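Report on the following structure.
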Amino acid sequence: HIELARPAFHPGFIVKVKKILECICVNCGKLKADISDPNFADKIRHIRDPKKRMAVVWAHCKTKLICEPDEPKEEGADESEEPKKGHGGCGHIQPLVRKEGLKLFLQYKKPKDDDEEGKSMQPDKRMMTPQEVYTTFKKMSDSDLHLIGLSEDYARPEWMILTVLPVPPPPVRPSIAVDGGAMRSEDDLTYKLGDIIKASANVRRCEQEGAPAHVISEFEQLLQFHVATYMD
Numbered sequence: 719h720i721e722l723a724r725p726a727f728h729p730g731f732i733v734k735v736k737k738i739l740e741c742i743c744v745n746c747g748k749l750k751a752d753i754s755d756p757n758f759a760d761k762i763r764h765i766r767d768p769k770k771r772m773a774v775v776w777a778h779c780k781t782k783l784i785c786e787p788d789e790p791k792e793e794g795a796d797e798s799e800e801p802k803k804g805h806g807g808c809g810h811i812q813p814l815v816r817k818e819g820l821k822l823f824l825q826y827k828k829p830k831d832d833d834e835e836g837k838s839m840q841p842d843k844r845m846m847t848p849q850e851v852y853t854t855f856k857k858m859s860d861s862d863l864h865l866i867g868l869s870e871d872y873a874r875p876e877w878m879i880l881t882v883l884p885v886p887p888p889p890v891r892p893s894i895a896v897d898g899g900a901m902r903s904e905d906d907l908t909y910k911l912g913d914i915i916k917a918s919a920n921v922r923r924c925e926q927e928g929a930p931a932h933v934i935s936e937f938e939q940l941l942q943f944h945v946a947t948y949m950d
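Read in order, the letters of the sequence shown correspond to residues 719 to 950 in our numbering.
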């Protein structure tokens, strides 16, 4: 197999990855919905099918624009009292996730108070790299995975992001008709895998040489492109 220098999105899973990102906090990886909220608990209580459950959770979460922190303890409150079990989030403002091709962007809404000069300004938008998505997904707890219909044993979300690419042995690589002629070539995938290895090596080399971020990012895009075309 090939170990990729940086994780890359799998073109078949990127839509799913975007949906999961819209369900969780991009900062701490907690589910944005709160199971102690009766309204939400009621919605998912009877849904056994993981796909349907994911759709319901997604519909509930995608509108939440903040990862709700616990309510602060009141000063004079009795210490022995059980604190109200909250969501326990980090209070981070949540962006909208936008997909463009094989890239995911986070779009943050501007706060209301900068309205005067902010009329013409676009919302903050930045790209989320597969590496960040991978790190965020790794933070998710098993109970949250279960709630969005994934399984901690068989379908962890970070597995939807490619860090390692399996390489099929030459005998099982499909042959491709070249230029519609009688010539058939089995090397098409072999060349593509070569491109992926080169692109991955470039990214690794840039990292080791301490190249500027935009250069690394360009090579990363190239790696992403090769991985996507290899699959398709």
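Heads up, the beta-carbon is just placed ideally off N, CA and C, and yes, glycines get one too. Fair warning: this is a prediction, and the values are worked out from it, not measured in the lab.
Item to complete: Check whether the region 848–866 touches the region 744–755, taking contact to mean three or more Cβ pairs, one atom from each stretch, closer than 8 Å.
Response: yes
Worksheet item: According to DSSP, what are the bridge partners of residue 870?
Response: Taking the sequence shown and counting its residues from 1, the one referred to as residue 870 is at position 152. According to DSSP, residue 870 bridges with nothing at all.
Discussion item. For a test of the three-state rule: what should DSSP assign to residue 725, helix, strand or coil?
Written reply: Counting from one through the sequence shown, the residue named residue 725 turns up at place 7. It is a strand residue.
Worksheet item: Between the region 732–740 and the region 928–945, are three or more C-beta pairs nearer than 8 Å?
Response: no
Item to complete: Whole angstroms is fine: what's the gap from residue 874's alpha carbon to residue 776's?
Response: Position 156 of the sequence shown, counted from the first residue, corresponds to residue 874. Position 58 of the sequence shown, counted from the first residue, corresponds to residue 776. Straight-line Cα distance between these residues: approximately 17 Å.
Discussion item. If distances are taken between C-alpha atoms only, which option among 735, 730, 719, 729 comes closest to residue 853?
Written reply: For the purposes of this step, residue 853 is taken as residue 135 along the sequence shown, with counting starting at 1. It is 735 whose Cα lies nearest to the Cα of residue 853.
Worksheet item: When the Cβ atoms of the region 847–861 are set against those of the region 724–731, are three or more pairs found closer than 8 Å?
Response: yes
Worksheet item: In or out: residue 919 buried (at least 16 other Cβ within 10 Å) or exposed?
Response: By one-based count along the sequence shown, residue 919 stands at place 201. The residue in question, residue 919, is exposed, as its Cβ has fewer than 16 Cβ neighbours within 10 Å.
Discussion item. Give me the residue from 825, 912, 932, 931 with the minimum Cα distance to residue 948.
Written reply: For the purposes of this step, residue 948 is taken as the residue at position 230 of the sequence shown. From the listed residues 825, 912, 932, 931, the smallest Cα separation to residue 948 is found for 912.
Item to complete: Can you have a look at residue 924 and say buried or exposed, based on whether 16 or more other CB atoms are within 10 angstroms of its CB?
Response: Here residue 924 corresponds to residue number 206 of the sequence shown, with the count starting at 1. Buried.
Worksheet item: Which residues in the same chain as residue 759 place their Cβ atom closer than 8 Å to its Cβ, once the five residues preceding and following it in sequence are excluded?
Response: Here the question's residue 759 lines up with position 41 in the sequence shown. Once the five neighbours on either side are set aside, the close Cβ partners of residue 759 are 753.
Worksheet item: So, residue 785 versus residue 745, is the Cβ gap smaller than 8 Å?
Response: Numbered from its first residue, the sequence shown carries residue 785 at position 67. Numbered from its first residue, the sequence shown carries residue 745 at position 27. Yes, the pair counts as a contact, with Cβ atoms nearer than the cut-off.
Discussion item. Less than 8 Å between the beta carbons of residue 889 and residue 820, yes or no?
Written reply: Within the sequence shown, the letter at position 171 stands for residue 889. Within the sequence shown, the letter at position 102 stands for residue 820. The Cβ atoms of residue 889 and residue 820 lie no closer than 8 Å to each other.
Worksheet item: Where does residue 753 sit, in a helix, a strand or coil, going by DSSP?
Response: What you label residue 753 is simply residue 35 of the sequence shown in a count that begins at 1. Residue 753 falls in the coil class under three-state DSSP.
Practice prompt. Let me know if residue 815 comes out buried or exposed under the rule of 16 or more other beta-carbons within 10 Å of its beta-carbon.
Written response: Looking up residue 815 in the sequence shown gives position 97. Its Cβ being crowded by 16 or more others within 10 Å, residue 815 is buried.
Practice prompt. Would you mind stating whether residue 910 and residue 944 have Cβ atoms separated by less than 8 Å?
Written response: Position 192 of the sequence shown, counted from the start, is the residue given in the question as residue 910. Position 226 of the sequence shown, counted from the start, is the residue given in the question as residue 944. Cβ distance < 8 Å, so residue 910 and residue 944 count as in contact.
Worksheet entry | Local conformation of residue 858 per DSSP, three classes | On the sequence shown, position 140 is the one that residue 858 refers to. DSSP, reduced to helix, strand and coil, places residue 858 outside both helices and strands of the structure shown, so it counts as coil.
Practice prompt. Have a look at residue 731 and residue 929 and give me their C-alpha separation to the nearest angstrom.
Written response: Translated into the one-based positions of the sequence shown, residue 731 becomes position 13. Translated into the one-based positions of the sequence shown, residue 929 becomes position 211. Each residue's Cα considered, the two are about 30 Å apart.
Practice prompt. Can you give me the start and stop residues for the alpha helix (DSSP H) that residue 906 sits inside?
Written response: The count along the sequence shown starts at 1 and reaches residue 906 at position 188. Element bounds for residue 906: 905–927.
Worksheet item: If we ignore side chains and look at the alpha-carbon of each, how far apart do residue 860 and residue 905 end up?
Response: As a position in the sequence shown, residue 860 is number 142, starting the count at 1. As a position in the sequence shown, residue 905 is number 187, starting the count at 1. Residue 860 and residue 905: Cα-Cα distance of roughly 42 Å.
Worksheet item: For the alpha helix (DSSP H) that contains residue 775, what are its first and last residues?
Response: Reading the sequence shown from its first residue, position 57 is the one you call residue 775. Its alpha helix (DSSP H) spans residues 768–779.
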